[in-house]
Every structure is written in structure tokens, then in C-alpha cells.
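S.K.:
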Amino acid sequence: MSQHSCMSQDNEQAKSAEERAWELVSQMSLAEKIGQMTQVNGGSHELHQAIREGLVGSVLNEVNVEEVNELQRVAMLESRLGIPLLIGRDVIHGFKTIFPIPLGQAASWDIDAVERGAAIAAAEAASSGINWTFAPMIDITRDPRWGRIAESLGEDPYLCGVLGAAMVRGFQGDRLSNRESIAACAKHFAGYGAVEGGLDYNTANIPENELRNVYLRPFKDALDAGVATFMSSFSDLNGVPAAGNGFLFKEVLREEWDFNGFVVSDWDAIRELTVHGFTANDRDAVREAVNAGIDMEMASGLYREYLPELIAQDYVDEQQIDNMVCHILKLKFQLGLFDNPYTDPGRFPRCVNEEHLQAARAAAMRSCVLLKNDQATLPLSKEQLDSVAVIGPLADDGYEQLGTWVFDGESHHSHTCLQAIHELVGEDLEVRWARGMETSRCRNHDGFHEAVQIAEESDVVLMFMGEESILSGEAHCRAEIDLPGNQEQLIDAIAATGTPVVLVIMAGRPLTLQNVADKVSALLYAWHPGTMGGPAIADLLFGIESPSGKLPVTFPRLVGQIPIYYSRKNTGRPASHDSITHIDDIDGKAAQTSLGMSAFHLDAGFTPLFPFGYGLSYARFEYRDIETSATHIALGDNIDITATLHNTGDCTAEEIVQLYVRDLVGDVTRPVKELKGFRRIRLKPGESKRVSFNLHTDELAFYNRKMSLVTEPGLFHAWIGGSSETELGTEFEIVASPQVAD
Ligand code: GLC
62 MSQHSCMSQD NEQAKSAEER AWELVSQMSL AEKIGQMTQV NGGSHELHQA
112 IREGLVGSVL NEVNVEEVNE LQRVAMLESR LGIPLLIGRD VIHGFKTIFP
162 IPLGQAASWD IDAVERGAAI AAAEAASSGI NWTFAPMIDI TRDPRWGRIA
212 ESLGEDPYLC GVLGAAMVRG FQGDRLSNRE SIAACAKHFA GYGAVEGGLD
262 YNTANIPENE LRNVYLRPFK DALDAGVATF MSSFSDLNGV PAAGNGFLFK
312 EVLREEWDFN GFVVSDWDAI RELTVHGFTA NDRDAVREAV NAGIDMEMAS
362 GLYREYLPEL IAQDYVDEQQ IDNMVCHILK LKFQLGLFDN PYTDPGRFPR
412 CVNEEHLQAA RAAAMRSCVL LKNDQATLPL SKEQLDSVAV IGPLADDGYE
462 QLGTWVFDGE SHHSHTCLQA IHELVGEDLE VRWARGMETS RCRNHDGFHE
512 AVQIAEESDV VLMFMGEESI LSGEAHCRAE IDLPGNQEQL IDAIAATGTP
562 VVLVIMAGRP LTLQNVADKV SALLYAWHPG TMGGPAIADL LFGIESPSGK
612 LPVTFPRLVG QIPIYYSRKN TGRPASHDSI THIDDIDGKA AQTSLGMSAF
662 HLDAGFTPLF PFGYGLSYAR FEYRDIETSA THIALGDNID ITATLHNTGD
712 CTAEEIVQLY VRDLVGDVTR PVKELKGFRR IRLKPGESKR VSFNLHTDEL
762 AFYNRKMSLV TEPGLFHAWI GGSSETELGT EFEIVASPQV AD
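For the working numbering, count along the sequence shown from 1 and bump the result up by 61.
This is the structure we're talking about:
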């Protein structure tokens, strides 16, 4: 087998890294090669000796910089070839300064803020000796029952791809060898977000067309952004677990996409091939994983045990091992680890410094989504109020507001909502406080009386409800996604006092809020907002800044509607508001066909509670005068789609202007809408701006029945607006030859 080129981008750094990597491979014993393919969890007692013997290529979950430097010293000075270690960690949405969970960051639709957050996370992590993060997680999911939706960037391939690429740039910087850069990892390849039932680790059955048109797109964007590594998913895709899936890691990733970084398995995922029933034993699992293209094994230690005999018996080709080791060594050279393996924390910005905290505050502020604001309840005015009642288990909990996947953030750095409200209003307002419930899952009424009492005494109630961080994230799936515990009852009791209620929800997923949305005057969704969630939310509640976030994921009315998402297919019988009947409105002895024959649920209809892309502002934004630069364009051309955004409100605010397109006819059915562009625009009261999107026909390509990526001539609709439900639309046609274009 020829030497598979490790070459990635055609630049001097990659060439020298590749040449240096191949030179090193040629000096290595088989045991040392397999050592590079082995990642071991930190803290194990035989780790130093294994490193000394050249049997470890990477360590994960060691964050003590002195210990990391000692591990690197052993690797560099006490092993035969002196190969430095990759030090991996889940730095998902911050290291010490915690940013909103990725689903919250996605709600900001703010490319720069997302990139900045990743860069800060990288700098803080690098100061501990970490040089590789297992992020961004770019699994598309349309199932909020799945706990890992919290780590995702939502339901849409375009938004996820753009923001995932921003995280890659943030983590990796403009050079991997920069001191504050760390290698990124696109995970979990692929289709993990489509697990059946929203049940983690479950099977995912995705037709190849859908896989390519939806689930693979963000991974290609991450690869195009230069992501250094990929991670295989736990789940089986169409019956083939990812850690043994040669279609994903050989055909797509290497042959089609020409990826030349390296692939790491997820934790223990290679051993789990036997648990899946894909292999009969560990030896077979190793054979399948290596031959599928998994370069490095995380945690299970089977490569070291079985690869020598598999190679000796020709089940695995040593040339292939050389290629895999070269992928790994090339990254170590690109990171500059051979020249700078040690970390001096004093050469990094202090963690949780003021600049980092302010970036986290800005990110949290831009992540919050205003879902309801009746009678302009918000923003609150210190001048017009005498008192506020703060109620709820998440109002003053610096740990829970951090969210899932926070291994290194510390709650004592958090600024809570209660603290921030006190700081913001000072003595201008009386702030009354009652927890109301011990935890979000309480099933008693112990704290209700006190909460009701302060609500009755106050001008407005601010309730901070939702999910603790443990209720989302890996392995934390829910079959019902209402507010947990007695929260709805507490909200009912507080609403019954007649004092206006502002409900702020912190959660790691969309919740079904149909039972509470009508009971409150205003509803602000804060996800898990991170270290600076309190000041960010307080600033929004009191109008220092207007909310600007937009939903990156659809909110169902009922869990039974899942999967429900905006870029759905039209079906042969699409529902419409005038064609459906609610279950409570059906006449007795109704005739079989009397309810209309279209795609809706009798008890839920066909629309979500809140749609993808939706979010209110304190300003009032209006969209007018959409137009295209041409009515017909040829394949290979560009078209401009433009509309005017007006701020007819009375405050300055930012709006995320969205462009959606529909391909009316396709070789396979196409979605009724697809996001193809967005822009965050700040307008003063009375200000207007023409917002134009330039679209190339290649951006309308999709995989057809032959799995060819094509743009087909035909009619297209386009819309511009502030949510996926925008109706400000136009159309244009793509024609096969330039002659008939405008
Ligand atoms: C976990 C996760 C993966 C993470 C890895 C290391 O089980 O699935 O996302 O990066 O193990 O912690």
C-alpha cells in the first residue's frame, strides 16, 4: 500500500510537519507506533512507565499543569524517541471562564462571539498544558429529548456549519503552533443526533441522501475550516457503529473529502463494537476499527493488546499503521510540541480575567431569546417600580447556571441573577427573594407560601426556573420535556396573585411550555448562560440592552410532535390552519373524512410553539421591499436577494436578518425552507437599512438520488425575515444555459 499522503493544506508548515513525521515513523518500532495510537486517561498509576516505554501517544483528563509538564518531560527525556504527548480535554464551552452552552451560543447567531469564546477557552486551557479539545460538537439534532442537544449548535446544517467553523478557528487560531492555540475535534462523526427516541447511544437510521444533505454538512464545513481531528460517534449508523464504519471514515472522510488529520474514537467505543453485536470479541473490534480508519483509540487499550497479532497475521497492514501514526505525529509537529512541549502558565493571560468575563457576559446577553413580552412588560424600569420579587431555584445558583460539560469551571466565579439584580438596582428598588422550590425537581409545596407572599407584596415577579445542569448533556435524556417537578404549579400560584410575572428559563434543551406561556407576561430563554449569566440577564431585564437572540432549534408544543423542525418536507398533504380541527372541537359521530386529510396532530396541530429563528426585541423590526437582482440566472451565476429592515420601535437594538430559500422541485424532495444566510444588524429607532444577500447557485446544491451534489435548474422561492416563519418572499429561476438568463 503506497504511503498515503498526510499532506493537508499545501503550506510549508504542513510539508515540514509531514516530512518530519515520516522521518520519525521510519525510526519507530511497531510497539512505539501502536503507542502513538493509544490515548490513556490521566491519573492512572502505570502511566509514567507506559510513557517511558513509548506506549502512550496521548493523555486525556489531566489538567494539573505541573503533572502535565512531568508527563511531557518523561515522554521527551526518558523515552527512546522523545515524542511529546497530545493532552486532550473536553473544553466544550469554556475552560475556567464558562460561556453559554453551545445551544445557547447558537441562539446568538453571532459568529464573532462564538469564535471569540472558543479562543478564550483555548488560551485558558493551554495555560494548563492542554493542547487538544474534543470540540466542536456539531451533531445536527431535531430531538430535544436527547440530552446532548445542549452541546449541539441546533437543528440547522447551515447555522451549525457556520458556527462550528467559527469554533474551529477560535480554538486553533491562525497557526496551531501559537502558544494559545489548541487542536479542535469535529464530533461525533456521524449521525449521532438522530438517535431513535432521543435516547443517547441508541441506533440512528438515516438514508444516505438525508445523511449527506443534513448531518454531514457541518462536518464538511469544519474540515474546510481546517479542523485538526475528528471523533467517531458511539452510535450505530444504519446498523454499522461509527467506530467500525469504513463508509464514514474511509469513503467519505478520506477519499471524498481528502481529510488528512486524524480520527480518535470516542471513549471505549472500539470495545463497544462487541457490545453492539457488530464484532464477536475485542480482537475483531480492533480489526474493524483500524480497517475503518480510527487512528487513535480513546481509553479502552485494545490496540496495544491486539494490533501486533493482527498485523502479524495480515489482518491489518503495517503500512496502514504507518499512515495512521503519521497523521498523529504530523499534528504534534504542527502544534510545535517537539520544540515547546512544556507549559509556563505565567506566559498566558490569567484565567477568569476581566476581559474574559466581559466576553462571556456579552455572549450570554446575545444568547438569550425573548419569546414573549405582552404589554411591553420588559424592559423593567427602576424609576417606575418600587419592588421586585425574585423567585425560583435557578435565581441564585452559580453552579447550575454553568450548564453541562463543565469539568474545570468553578461555581464561585459565577455571578448569579439575584446578585446581578441587587448590583444593578442598588437601593432604587426593594428586592424580595424566595427560592420557592429547593430544586427544579421538587414535588412538594414547602416553599410556595413564602413565594406567593412576596409576589403579592411586589410590583413585578421575576421567576428563574428550568432544569439543573444534570438534566441535560450526555446520557441525560428525558421522555417528557415539561418543566420538571412542581414548577408549573409554582408558576400557577404566583400568576394567581395577579402580579405580572416575567419568567426566565435556564435549560439545556427546548422545553414544552404550552402550560405556562399563557400564564406569564414575558418569557426569556437563557439556556445555561455560564459564568456571567446573571449580569447578562439582569442587563436585558432592565433594558441596558435589548434581547437579540433567535432560536437555533424548534420548540414543540407537545413532546409527541417530535421530530418537528422548520426545514421539513412539504409532504403530499401539507396541513394549513383552515384545514385542521382540534381534538376538542370535533363533533360527535364525526364522519371519517370530515376533519380534512392532511399532516397534523388532532391534539397539537402542525405548528410548533415557537419556530426556528424566532426571537423578539424591545425594538419593533419590520421587513419590506424584497427584491432579487434578476428573475433568471444561469447555473454558476450569483444572485442578490435584498430587503429593507426598519426599526419602527423606540430603542436601539440588533436584529438577526435571515435568508431562506426553497427549491420547488428536486430529484429528491427538498425542504419547504432552508436557511442560506443571516446577518446581525444594529439599528437606532427610526433607522432603516437595505440588507442584501449574495447567493451562488452552488449554495443551492443537494445530493440527488445518485448521491451527486447538484444544483438543478428550476423555480426557487426566497424569503428574508426575522424567523423561519417569515412570509416576505420573492422568487427566481435557475436556467440551464446563460442565453436565457437576465
Ligand atoms: C464522552 C463523549 C465525548 C467526549 C469523550 C471524552 O463520552 O461522548 O463527547 O469528548 O467521552 O470525555
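For glycine and all other residues, C-beta sits at the position ideal for the given N, C-alpha and C. Quantities reported herein were computed from a predicted structural model and do not represent experimental measurements.
1) Could you please go through the chain and list the residues whose beta-carbon is closer than 5 Å to any non-hydrogen atom of the ligand GLC?
2) From VAL117 to ILE389, what distance separates their C-alpha atoms?
3) Determine whether the beta carbon atoms of SER475 and LEU463 lie at a separation below 8 Å.
4) Does DSSP put GLN719 in a helix, in a strand, or in coil?
5) Could you give the DSSP three-state label for THR791: helix, strand or coil?
6) Find the nearest neighbour of ILE382 within the set THR340, PHE323, ASP405 and ASP329, judged by alpha-carbon distance.
7) Tell me whether the segment 172 to 192 and the segment 142 to 161 touch, counting them as touching only if at least three CB pairs, one residue from each stretch, are closer than 8 Å.
8) Roughly how many whole angstroms lie between the Cα atoms of GLU786 and TRP83?
9) Measuring CB to CB, does ALA660 end up less than 8 Å from PRO635?
10) Hey, out of GLU528, GLY96 and ILE542, whose CA is closest to MET359's CA?
11) Taking the beta strand (DSSP E) that LYS391 falls in, what are its first and last residues?
12) For the alpha helix (DSSP H) containing VAL175, list its first residue and its last residue.
13) Is GLU358 helix, strand or coil when you go by DSSP?
14) Is the segment 583 to 602 close to the segment 636 to 651, with three or more CB pairs under 8 Å?
15) So what's GLU786 in DSSP terms, helix, strand or just coil?
16) Would you kindly report the start and end of the unbroken alpha helix (DSSP H) that includes SER428?
17) Check whether the segment 192 to 207 and the segment 243 to 258 are in contact - that is, three or more C-beta pairs closer than 8 Å.
18) Over the uninterrupted beta strand (DSSP E) stretch that includes HIS757, give me the two end residues.
19) Could you give the distance in angstroms between the alpha-carbon of ARG150 and the alpha-carbon of ARG629?
20) Classify LYS391 as buried or exposed, calling it buried when 16 or more other Cβ atoms lie within 10 Å of its own Cβ.
21) In whole angstroms, what separates the C-alpha of ILE605 from that of PRO440?
22) In the DSSP assignment, the beta strand (DSSP E) including ALA636 goes from what residue to what residue?
23) Looking at C-beta atoms only, is the number of pairs between the segment 485 to 496 and the segment 506 to 526 that lie closer than 8 Å three or more?
24) Residue range of the beta strand (DSSP E) that GLN810 falls in?
25) Let me make sure I understand the geometry here. Which of GLY790, HIS757, HIS483 and GLY258 has the alpha-carbon closest to that of PRO774?
26) For GLY534, count neighbouring C-beta atoms within 10 Å of its own C-beta (all shown protein chains included) and say buried if the count is 16 or more, exposed if not.
27) Suppose contacts are defined by Cβ-Cβ distances below 8 Å. Is GLN548 in contact with MET567 by that definition?
28) Which residue comes first and which comes last in the alpha helix (DSSP H) that contains ASP553?
29) Applying the criterion that 16 or more other CB atoms from any shown protein chain within 10 Å of the CB defines a buried residue, is ASP836 buried or exposed?
30) Look up TYR684 in the DSSP assignment and say whether it is helix, strand or coil.
31) Please state the DSSP three-state secondary structure of PHE763.
32) Starting from the Cα of SER90, find the closest Cα among LYS311, GLY115, ASP375 and PRO672 and give me that residue.
33) Roughly how many whole angstroms lie between the Cα atoms of VAL86 and GLU499?
34) Measuring CB atoms only, is the segment 599 to 619 touching the segment 423 to 433, in the sense that at least three cross pairs come out at less than 8 Å?
M.R.: By the coordinates alone:
1) ASP151, PHE195, ASP327 and TRP328
2) Position 56 of the sequence shown, counted from the start, is the residue given in the question as residue 117. Position 328 of the sequence shown, counted from the start, is the residue given in the question as residue 389. Distance between the alpha carbons of VAL117 and ILE389: 12 Å.
3) Translated into the one-based positions of the sequence shown, residue 475 becomes position 414. Translated into the one-based positions of the sequence shown, residue 463 becomes position 402. Yes, the Cβ-Cβ distance between SER475 and LEU463 is below 8 Å.
4) Here residue 719 refers to the residue found at position 658 of the sequence shown. Looking at GLN719 - three-state DSSP - the assignment turns out to be strand.
5) As a first step, residue 791 must be located in the sequence shown, where it is residue number 730. In this structure, THR791 counts as strand in the three-state DSSP scheme.
6) Counted from its first residue, the sequence shown places residue 382 at position 321. The option with the nearest alpha carbon to ILE382 is PHE323.
7) yes
8) If you number the sequence shown from 1, residue 786 lands on position 725. If you number the sequence shown from 1, residue 83 lands on position 22. Answer to the nearest angstrom: the Cα atoms are 54 Å apart.
9) Indexing the sequence shown from 1 puts residue 660 at position 599. Indexing the sequence shown from 1 puts residue 635 at position 574. Yes, they are a contact pair.
10) Working through the sequence shown from its first residue, we reach residue 359 at position 298. Cα-wise, what sits closest to MET359 is GLY96.
11) Residue numbering aside, residue 391 sits at position 330 when the sequence shown is read from its first letter. LYS391 -> not in any beta strand (DSSP E); alpha helix (DSSP H) instead, spanning 379 to 395.
12) Reading the sequence shown from its first residue, position 114 is the one you call residue 175. Its alpha helix (DSSP H) spans residues 172 to 187.
13) Within the sequence shown, residue 358 is the residue found at index 297, counting from 1. The answer is strand: DSSP assigns GLU358 an E or B state.
14) no
15) Translated into the one-based positions of the sequence shown, residue 786 becomes position 725. Reduced to three states, the DSSP call for GLU786 is coil.
16) The residue you call residue 428 lines up with position 367 of the sequence shown. Unbroken alpha helix (DSSP H) run through SER428: 415 to 428.
17) yes
18) Position 696 of the sequence shown holds residue 757. Taken as a continuous stretch (DSSP letters only), the beta strand (DSSP E) holding HIS757 covers 749 to 757.
19) Counting from 1 along the sequence shown, the entry for residue 150 is found at position 89. Counting from 1 along the sequence shown, the entry for residue 629 is found at position 568. If you take the alpha carbons of ARG150 and ARG629, they lie about 36 Å apart.
20) The sequence position of residue 391 within the sequence shown is 330, counting from 1. Counting Cβ neighbours within 10 Å, LYS391 comes out buried, since at least 16 surround it.
21) Working through the sequence shown from its first residue, we reach residue 605 at position 544. Working through the sequence shown from its first residue, we reach residue 440 at position 379. Going by the C-alpha atoms only, they are around 9 Å apart.
22) Residue numbering aside, residue 636 sits at position 575 when the sequence shown is read from its first letter. No beta strand (DSSP E) holds ALA636; DSSP gives it neither H nor E.
23) yes
24) The shown model of the chain, from 62 to 803, leaves out residue 810, and the question about it has no answer.
25) The residue labelled residue 774 in the question sits at position 713 within the sequence shown. The shortest Cα separation from PRO774 among GLY790, HIS757, HIS483 and GLY258 belongs to HIS757.
26) As a first step, residue 534 is located in the sequence shown; it is residue number 473 there, counting from the start. Burial call: buried.
27) Position 487 of the sequence shown, counted from the first residue, corresponds to residue 548. Position 506 of the sequence shown, counted from the first residue, corresponds to residue 567. No, these two residues do not count as a Cβ contact at 8 Å.
28) Here residue 553 refers to the residue found at position 492 when the sequence shown is read from its first residue. It spans 548 to 556 - the alpha helix (DSSP H) in which ASP553 sits, taken as one unbroken run.
29) The question about residue 836 has no answer, for the chain in this structure spans 62 to 803.
30) To locate residue 684, count along the sequence shown from 1; it is residue 623. In this structure, TYR684 counts as strand in the three-state DSSP scheme.
31) Here residue 763 refers to the residue found at position 702 of the sequence shown. Three-state DSSP puts PHE763 in a strand.
32) What you label residue 90 is simply residue 29 of the sequence shown in a count that begins at 1. Comparing Cα-Cα distances from SER90 to each of LYS311, GLY115, ASP375 and PRO672, the minimum goes to GLY115.
33) Locating residue 86 in the sequence shown gives position 25, where the first residue counts as 1. Locating residue 499 in the sequence shown gives position 438, where the first residue counts as 1. Between VAL86 and GLU499, the C-alpha separation is close to 58 Å.
34) yes
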